[in-house]
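Q: Residue numbers (the working numbering), protein chains in the order written: chain R, 4 to 138; chain A, 105 to 564.
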């Protein structure tokens, strides 16, 4: 069973979507490690180390995701999680911005998959399976 | 008339408590210097002689059981993967078993760290790492390092269960004395103390006391059953939770100030009492013990000094107390016995600082975060603001003229509002130093042990 670490990063307390993600991924047969809301980068990374996670899925709903995610890939590399996949989704930036631009900025920060508002976890399942080499 | 004799082989004193089960009370207590370096029986017999003198005649005991922290106590190394997770979980297991955690190691251990296990004469190695189904490379690497070393101490494996078979092969091929237990952190932030803790206690009884020359006493008494701090933990938990119809005291804390360490115990779930606080990090055990190796009245007196601010030191200087000289003197002469009023005042100052700093390190803390929904707090550790009782024990607290003043230093401090210290606890004193003895008695007669504690640990 592959492990996926999920949680809501930064000073963000939106708990509902995170629960839906946990429910869906568990149903799909993953070992879901939920670090919960108000999670720091270190919470995600420490959990990924202990559980040998293949994927870290970061949620952010309150607009400050860009600040909160900065340097996360470097910290993963530093922690020995070189190959770990990083996904981010939600309202990850302030205001309404051109998503192509947003996606590029997060790619430059080392994220593998970036999702705009309105994308549900079901929409992403197929990509997760492909990225984890399961289909 | 069934009588019990409870014995505590301490690092300095061998303490005896005689209990009359029918009367549900203590008959007498006594103590003598521990003689583990020569023959532990000599000190015990001296203490027994004093006990008989107090009682006025010899009496028979139906059962004599003991706990021990003599000959350096139970020295352990806690090995885990991430510092805040399995390493912390492993450390808590060691402390819960009553051990002294001499060494804490995380991630892949190196040769120098293996050497430090040898140098520190570790009694038992606790090897953890990885949640179940998670990382097993690290714990296997560490098992191999131990296998290829000259470490002969028993190894308790309590890491990722997926690695258990491979580790069994590695350690048995190297002919190590090892034991496989349940994972200390089976899932993220979930703490599982009992399996590894019970195994450590079993090894202590089976191997360690023999290695330390304590087992000789078993010709004279029935058994040495647990390390002393574990006996105190059992007593404290019983005193807090109660037994059958005999009610307990609810949430409580204990400070035990000794010559080398200050131990703080808390018996409480420690869940957030504030509306907007959110628990974060590894789960906390109900019965929690922390040990501060740098805070003590003699061996660790210099550590107490480092915990003092320059303004505090200057404050005492103005009062005519050269606290730097006094602490250094106590460190240099560990057999220093306070005689004058001045000596006692200095001891009180040092002990108060021990309690204050050790409590800071024991209790949980809040950290504020500004969110779009207003300020929220992360709570790391236990919220002990609602603790009903704070109990003082240890020579310096018991012999103090004003123990309340000293114990008050553990309570809420306005300037450090983020520390979740007890707000308004009642203060109790373990005057006759019976906690460890009652922990031992509770193994056979919990209700009587509880009644005796409620009678003798009194409000001050």
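Beta carbons: idealized from backbone N, C-alpha and C, even for Gly.
(1) Specify, as a first and last residue, the run of the alpha helix (DSSP H) that residue 461 of chain A falls within.
(2) Taking Cβ-Cβ distances shorter than 9 angstroms, what residues in chain A pair up with residue 15 of chain R?
(3) Between the Cα of residue 75 of chain R and those of R:47, R:102, R:7, R:5, spot the shortest distance and give me the residue it belongs to.
(4) Rounding to the nearest angstrom, what Cα-Cα distance links residue 39 of chain R and residue 10 of chain R in this structure?
(5) How many angstroms separate the CA atom of residue 380 of chain A from the CA atom of residue 16 of chain R?
(6) What residues from chain A crowd round residue 49 of chain R, counting only those whose CB sits closer than 7 angstroms?
(7) DSSP puts residue 331 of chain A in a beta bridge; with which residues?
(8) Provide the residue(s) that pair with residue 148 of chain A in DSSP beta bridges, ordered along the chain.
(9) Count the other C-beta atoms from every protein chain shown that fall within 10 angstroms of the C-beta of residue 328 of chain A, then say buried if there are 16 or more, exposed otherwise.
(10) Quick one, which of R:23, R:41, R:33 has its alpha-carbon nearest residue 476 of chain A's?
(11) Given a threshold of 16 other Cβ atoms within 10 Å of its Cβ, counted over all protein chains shown, does residue 314 of chain A qualify as buried or as exposed?
(12) Which residues share a DSSP beta bridge with residue 381 of chain A?
(13) For residue 284 of chain A and residue 196 of chain A, what's the separation of their Cα atoms in angstroms?
(14) Could you check where the beta strand (DSSP E) with residue 357 of chain A kicks off and where it finishes?
(15) CA-CA distance, residue 104 of chain R and residue 97 of chain R?
(16) Going along chain A, which residues have a C-beta under 8 angstroms from residue 4 of chain R?
(17) What residues from chain R crowd round residue 482 of chain A, counting only those whose CB sits closer than 7 angstroms?
(18) What residues of chain A sit near residue 65 of chain R, judged by a beta carbon separation below 7 angstroms?
(19) By the three-class DSSP mapping on this structure, what secondary structure does residue 299 of chain A have?
(20) Who are the Cβ neighbours of residue 562 of chain A in its own chain at under 8 angstroms, not counting the five residues just before and after it?
(21) Pick out whichever of A:459, A:138, A:282 has its Cα sitting closest to the Cα of residue 509 of chain A.
(22) Please state whether DSSP places residue 349 of chain A in a helix, a strand or coil.
(23) Nearest to residue 87 of chain A by alpha carbon, out of A:248, A:259, A:225?
(24) Look at residue 524 of chain A and residue 486 of chain A and say whether their C-beta atoms are less than 8 angstroms apart.
(25) Starting from residue 108 of chain R, trace the beta strand (DSSP E) in both directions and tell me its first and last residue.
(26) Would you report the Cα separation of residue 88 of chain R and residue 59 of chain R, rounded to the nearest angstrom?
(27) So, does the CB of residue 29 of chain R fall closer than 8 angstroms to a CB anywhere in chain A?
(28) Give the secondary structure of residue 4 of chain R by DSSP, where H, G and I count as helix, E and B as strand, and everything else as coil.
(29) Skipping 5 residues on each side, what residues in its chain have a beta carbon closer than 8 angstroms to that of residue 334 of chain A?
(30) On the criterion of 16 or more Cβ atoms from any shown chain inside 10 Å, does residue 483 of chain A qualify as buried, or is it exposed?
(31) Here's the rule: buried if 16 or more other CB atoms are within 10 angstroms of the residue's CB, otherwise exposed. What is residue 173 of chain A?
(32) From the beta carbon of residue 485 of chain A, is the nearest beta carbon of chain R less than 8 angstroms away?
A: Walking through what the data contain:
(1) On the second chain, residue 461 of chain A is found 357 positions in, with the first residue counted as 1. Taken as a continuous stretch (DSSP letters only), the alpha helix (DSSP H) holding residue 461 of chain A covers 445-466.
(2) Reading the first chain from its first residue, position 12 is the one you call residue 15 of chain R. What residue 15 of chain R touches in chain A: 475, 476.
(3) As a working mapping, residue 75 of chain R is identified with position 72 in the first chain. Of all alpha-carbon atoms in R:47, R:102, R:7, R:5, the one lying nearest the alpha-carbon of residue 75 of chain R is that of R:47.
(4) For this step, residue 39 of chain R is matched to residue 36 along the first chain. For this step, residue 10 of chain R is matched to residue 7 along the first chain. Near 5 angstroms, if we compare the C-alpha coordinates of residue 10 of chain R and residue 39 of chain R.
(5) Here residue 380 of chain A corresponds to residue number 276 of the second chain, with the count starting at 1. Here residue 16 of chain R corresponds to residue number 13 of the first chain, with the count starting at 1. Taking the CA atoms as reference points, residue 380 of chain A sits about 11 angstroms from residue 16 of chain R.
(6) The sequence position of residue 49 of chain R within the first chain is 46, counting from 1. The answer, in chain order, is 186, 188, 189.
(7) Within the second chain, the letter at position 227 stands for residue 331 of chain A. Residue pairing by DSSP places residue 331 of chain A opposite A:172 in a beta bridge.
(8) Mapped onto the second chain, residue 148 of chain A falls at position 44. In the DSSP output, where bridge partners are listed per residue, residue 148 of chain A has none listed.
(9) Sequence index remark: in the second chain, residue 328 of chain A carries index 224 (1-based). The C-beta of residue 328 of chain A has 16 or more other C-beta atoms within 10 Å across all chains shown, which makes the residue buried.
(10) The residue given as residue 476 of chain A occupies position 372 in the second chain. The option with the nearest alpha carbon to residue 476 of chain A is R:41.
(11) To locate residue 314 of chain A, count along the second chain from 1; it is residue 210. With fewer than 16 other beta carbons inside 10 angstroms of its own, residue 314 of chain A counts as exposed.
(12) Locating residue 381 of chain A in the second chain gives position 277, where the first residue counts as 1. When beta bridges are read from the DSSP output, residue 381 of chain A appears opposite A:481.
(13) Locating residue 284 of chain A in the second chain gives position 180, counting from the first residue. Locating residue 196 of chain A in the second chain gives position 92, counting from the first residue. Spanning the two alpha carbons is a distance of roughly 18 angstroms.
(14) Taking the first residue of the second chain as position 1, residue 357 of chain A is located at position 253. Element bounds for residue 357 of chain A: 356-361.
(15) By one-based count along the first chain, residue 104 of chain R stands at place 101. By one-based count along the first chain, residue 97 of chain R stands at place 94. About 13 angstroms.
(16) By 1-based counting over the first chain, the position of residue 4 of chain R is 1. Going along chain A in sequence order, the residues near residue 4 of chain R (Cβ under 8 angstroms) are 237.
(17) Walking along the second chain from the start, residue 482 of chain A turns up at place 378. The answer, in chain order, is 41.
(18) In the first chain, residue 65 of chain R corresponds to position 62, counting from 1. Residue 65 of chain R reaches chain A at 476, counting residues in chain order whose Cβ is nearer than 7 angstroms.
(19) Taking the first residue of the second chain as 1, we reach residue 299 of chain A at position 195. In this structure, residue 299 of chain A counts as helix in the three-state DSSP scheme.
(20) Residue 562 of chain A sits at position 458 when you count from the first residue of the second chain. Excluding sequence neighbours, residue 562 of chain A sits near 532, 533, 535.
(21) Position 405 of the second chain, counted from the start, is the residue given in the question as residue 509 of chain A. Nearest C-alpha to residue 509 of chain A among A:459, A:138, A:282: A:459.
(22) Your numbering for residue 349 of chain A matches position 245 in the second chain. Correct three-state label for residue 349 of chain A: coil.
(23) As displayed, chain A neither begins before 105 nor continues past 564, which places residue 87 of chain A out of reach and without an answer.
(24) One-based indexing of the second chain puts residue 524 of chain A at position 420. One-based indexing of the second chain puts residue 486 of chain A at position 382. If you check the CB distance, residue 524 of chain A and residue 486 of chain A come in under 8 angstroms.
(25) Counting from one through the first chain, the residue named residue 108 of chain R turns up at place 105. Note, residue 108 of chain R: premise wrong, no beta strand (DSSP E); alpha helix (DSSP H) at 102-111.
(26) Residue mapping note: residue 88 of chain R aligns to position 85 of the first chain, counting from 1. Residue mapping note: residue 59 of chain R aligns to position 56 of the first chain, counting from 1. If I take the Cα positions, the gap works out to 6 angstroms.
(27) Counting from one through the first chain, the residue named residue 29 of chain R turns up at place 26. Taking a beta-carbon distance threshold of 8 angstroms, residue 29 of chain R does not count as an interface residue toward chain A.
(28) Locating residue 4 of chain R in the first chain gives position 1, counting from the first residue. Note: residue 4 of chain R maps to coil in three-state DSSP.
(29) Numbered from 1 along the second chain, position 230 holds the residue referred to as residue 334 of chain A. 171, 200, 201, 202, 305, 543.
(30) The sequence position of residue 483 of chain A within the second chain is 379, counting from 1. Residue 483 of chain A is buried by the Cβ-count criterion.
(31) Taking the second chain and counting its residues from 1, one reaches residue 173 of chain A at position 69. Around the beta carbon of residue 173 of chain A, 16 or more other beta carbons lie within 10 angstroms, which makes this residue buried.
(32) Taking the second chain and counting its residues from 1, one reaches residue 485 of chain A at position 381. Chain R contact via Cβ: absent.
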